[in-house]
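Q: Handing you a structure now.
Numbering (our numbering), first residue to last: 1388 to 1496.
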């Protein structure tokens, strides 16, 4: 069975880009800008898709603490995104927008 996916990746300065690029090439991925790729991933539908692709990546790419790989795919009729490897960081654009702060600080007199 196959599933169409997009991934974004951040392996840091010393990351195993050679391993990741070989893995992406093996899956005939299409480049989608800086650190993004699109491809169809073939998997065994008797096992969880996310578990299979995560295991496949870990077997082919040397992953270190701080590495991040995010996947976007269609699942149960909805578009879903989640981290395969790593976790979300603070957004670099935080504080640049024009949000209104409606909080009020109250102290004792």
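Heads up, the beta-carbon is just placed ideally off N, CA and C, and yes, glycines get one too.
DSSP three-state call for residue 1405: helix, strand or coil?
A: Sequence index remark: in the chain shown, residue 1405 carries index 18 (1-based). Helix.
Q: Across which residues does DSSP place residue 1421 in a beta bridge pair?
A: In the chain shown, counting from the first residue as 1, residue 1421 sits at position 34. Answer by DSSP bridge pairing: none, since residue 1421 is not bridged.
Q: Measuring alpha carbon to alpha carbon, tell me which of 1454, 1411, 1476, 1488 ends up nearest residue 1400.
A: Taking the chain shown and counting its residues from 1, the one referred to as residue 1400 is at position 13. Among 1454, 1411, 1476, 1488, the Cα nearest to that of residue 1400 is on 1454.
Q: Leaving out the 5 sequence neighbours to the left and right, which residues in its chain are closer than 7 Å to residue 1436 when beta-carbon positions are compared?
A: On the chain shown, residue 1436 is found 49 positions in, with the first residue counted as 1. Excluding residues within five positions, the ones whose Cβ falls inside 7 Å are 1390, 1430.
Q: Starting from the Cα of residue 1396, find the closest Cα among 1456, 1464, 1471 and give me that residue.
A: Sequence index remark: in the chain shown, residue 1396 carries index 9 (1-based). Answer by Cα proximity: 1456.
Q: Throw me the rounded Cβ distance for the residue 1426 and residue 1392 pair, which I believe falls under 8 Å.
A: Counting from one through the chain shown, the residue named residue 1426 turns up at place 39. Counting from one through the chain shown, the residue named residue 1392 turns up at place 5. That belief holds up - the Cβ atoms of residue 1426 and residue 1392 are roughly 6 Å apart, short of 8 Å.
Q: Roughly how many angstroms separate the alpha carbons of residue 1495 and residue 1462, rounded to a whole number?
A: What you label residue 1495 is simply residue 108 of the chain shown in a count that begins at 1. What you label residue 1462 is simply residue 75 of the chain shown in a count that begins at 1. Cα to Cα, the separation comes out at about 51 Å.
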